Structures are given as structure tokens and as C-alpha cells.
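Numbering of the sequence shown is given in my numbering, commencing with residue 1 and proceeding in unit increments. Even glycine gets a Cβ: it sits at the ideal position worked out from N, Cα and C. Note that this is a predicted model, so its numbers are computed, not measured. Below is one structure, written out as C-alpha cells, with a few remarks after it.
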Amino acid sequence: PPDINVANVQAHLAQLNTIANQNGGNRRAGSAGYTASVAYVKGKLQAAGFTVSEQVCTSCRYRSNNLIADWPGGPANQVVMFGAHLDSVSAGPGINDNGSGSATLLENALALARANPTLTKHVRFGWWAGEEQGLQGSQFYVSQLTSTQRSAIRGYYNFDMVASRNAGYFVNNINSATAAPLKAYWDTLNLRPEENVEGQGRSDDYSFQRAGIPTSGYAAGASATKSSAQAAKWGGRAGASYDSCYHSACDTTSNIDATVLNRSADGVAYAIWKTAVGVTTPTT
Ligand code: ZN
Ligand code: ZN
Ligand code: ZN
């Protein structure tokens, strides 16, 4: 797998932060800041050769679009999917929640395009609208799949808040076969990840899980408190939130830990290459 350049991910985050600043301070679904966020990600994907489509979420409280990007190649009936919500809350620019997951997936998509490996699975990326109103964009996407399309999706990987400053290292459904590549990558860094208890049922993987699709994902934690045992193994502050700016105006580019962001981005690359290319050796 490629080593994802964290500076490139940070550059996408700076662009999302600027988009919020130029549009009333947020990127909430249905707002100009959200529309501009979709346009930014879409432009990069199209330039790289992805097949990109916008899906109007007609059931979303604030009408807004999901963004879907397919990399040409791999069997159409065996799809591995990687997703992140692109909307923020109205309180702030949403750079950790969830510029971090969105930018991590964008740079991974661009890295896949640059490497252009022969694929054993088809790779699709999704950026969701209306997560902050209750997983609405991803729920709509899943509801529009035919049963054939739904059963083609062999796994869905979700990335929501992957660069928290007082980070934990959390993997969704950590003991599942689907989670194995994400867990394995952080295991090679001796991070000893834990189950993402705080995030259960609270992000877009839940929309896929309810449809019977195997899911996993990374998270570095939101408003819950780091335990002393977690601080002992991961560093940071026991008794403090993983992200003290969760859903706040201070969730800016200053609210990102670049080391955590790099570890998340590189783990995504490993998962893409492991699931869709068949590469089995992590690069660190
Ligand atoms: Zn890296
Ligand atoms: Zn949120
Ligand atoms: Zn989120």
C-alpha cells in the first residue's frame, strides 16, 4: 500500500476550513458550506479519473447531496465501500467531525488513482449528507439500493472523527473479519485498539449494518472521557474528552492531531489494498 502523505490530507482540511469560514462558519447539510464541500471533493475526484455522481437526498431534513465515487475496475458484483459524512453541525466548521474522515478518504481515493493497481474487488467511496440530523444521507443511499446492489457490497468501512487531539484508537466491530485489516494496521504500530463503544449506532456504518452489510471503521473519539488505563497506553489526558471541541466552534484545523490523522490515513490505505488488491504486508 502507499504511505498516505498526511500533508496532503491536512491540505484538504485547510480547504474545508476555508469553505466554512467563507460560508457563515459551518458546512451543515443544506447550506452553502456543504454544497461547496461537495464541489471541492468532487472536483478532485473527477480530475483523478473517478466516476462521480451526486445523489439528491430527498428524505433529508435539509435537502442536500450524497457524493459517490467509483474507481473503474474490479468485479461489479463484489464491491468494497469506504464512507464518511461530509456535513458538519451548524456550530462550527466540523474539521475533526468530520472533515478528518472526509479528507482521509479523499486522499486515499487519489492515492488509489495514482497507483492504479489491478483490483480483485470494485472500490467505491461515499461522502454522506445529513449525518448530523440522524444518519439521513447514508440511510437514503442504502434505501435506494436494489437487492442485487446491496448484496454486492461485501463490506462498508466508516470514518468519523479520526484525528481527535486526546485520541483513542477505536475500531468498529473490532473482532469481526471485516475489521481485521484496520485492526491489523494499528496493531503493527503497537496501538492496541479497542472497540468503538462510544460511536455504536451513531454514525453512517449503522445504516449499512441495519441492511445486513458487514461494517467496520476507525474513530479516535468524541465527547466521552479517556480512562486512566487508556491514557497509560495511548498518552494524552485521563479524565478529559477525546475531542474537547466536539460539535463546537473550535472544531477547526487547530483541532487535529496530525500523528493520529496519519495513522488513520495509512490504515485506510492498508485496508483498501488488503481488501481490494490482495496485498498482505502493511507498510509503515
Ligand atoms: Zn502516512
Ligand atoms: Zn457530529
Ligand atoms: Zn461525525
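Can you grab the Cα-Cα spacing for the pair residue i / residue j, in whole Å?
i: N158; j: N66; result: 15 Å
i: D187; j: G126; result: 26 Å
i: P214; j: R27; result: 29 Å
i: G212; j: Q144; result: 15 Å
i: N196; j: E132; result: 18 Å
i: R165; j: A32; result: 28 Å
i: S248; j: A177; result: 35 Å
i: A265; j: A229; result: 25 Å
i: R263; j: A7; result: 13 Å
i: A129; j: Y40; result: 14 Å
i: Q149; j: Y156; result: 13 Å
i: F82; j: A240; result: 30 Å
i: A232; j: C245; result: 22 Å
If I measure Cβ to Cβ from residue i and keep anything under 7 Å in the same chain, skipping five residues before and after, which residues do I get?
i: T280; result: K274
i: A36; result: I19 and N23
i: A115; result: P2
i: P181; result: Y270, A271, K274 and T275
i: Y242; result: S164, N166, A167, G168, A220, G221, A222, A224 and K226
Residues in its own chain within less than 6 Å of residue i by CB, not counting five upstream and five downstream?
i: V287; result: Not covered by the structure: residue 287. The range shown for the chain is 1 to 284.
i: G73; result: L119
i: A48; result: L110 and A113
i: T138; result: Reading the sequence as shown, one finds Ser at residue 138 and not Thr. For S138, where only same-chain residues beyond five positions count, the Cβ hits under 6 Å are W128, D204 and S207.
So residue i packs on residue j, CB below 8 Å; how close in whole Å?
i: I272; j: L112; result: 6 Å
i: G75; j: H122; result: Reading off the sequence shown, one finds Pro at residue 75, where the question assumed Gly. Going by Cβ atoms, the distance from P75 to H122 rounds to 6 Å, so yes, they are a contact pair.
i: V38; j: T104; result: Actually they do not touch by this definition, with Cβ atoms about 17 Å apart.
i: T259; j: A14; result: About 18 Å; that fails the 8 Å criterion.
Looking at chain C, is there any beta carbon in it that lies within less than 8 Å of the beta carbon of residue i?
i: S176; result: In the structure shown, chain C cannot be found, because there is only a single protein chain.
Q | the region 195 to 210 contacting the region 156 to 175, beta-carbon criterion three pairs below 8 Å | A | yes
Q) Which whole runs of the beta strand (DSSP E) in the region 203 to 282 are 3 residues long or more, in chain order? A) 215 to 219
Q: Would you check if the region 51 to 60 and the region 89 to 108 touch, i.e. whether three or more CB-CB distances between them fall below 8 Å?
A: no
Q. Which runs of the alpha helix (DSSP H) fall wholly inside the region 108 to 149 and span at least 4 residues, in chain order?
A. 136 to 143
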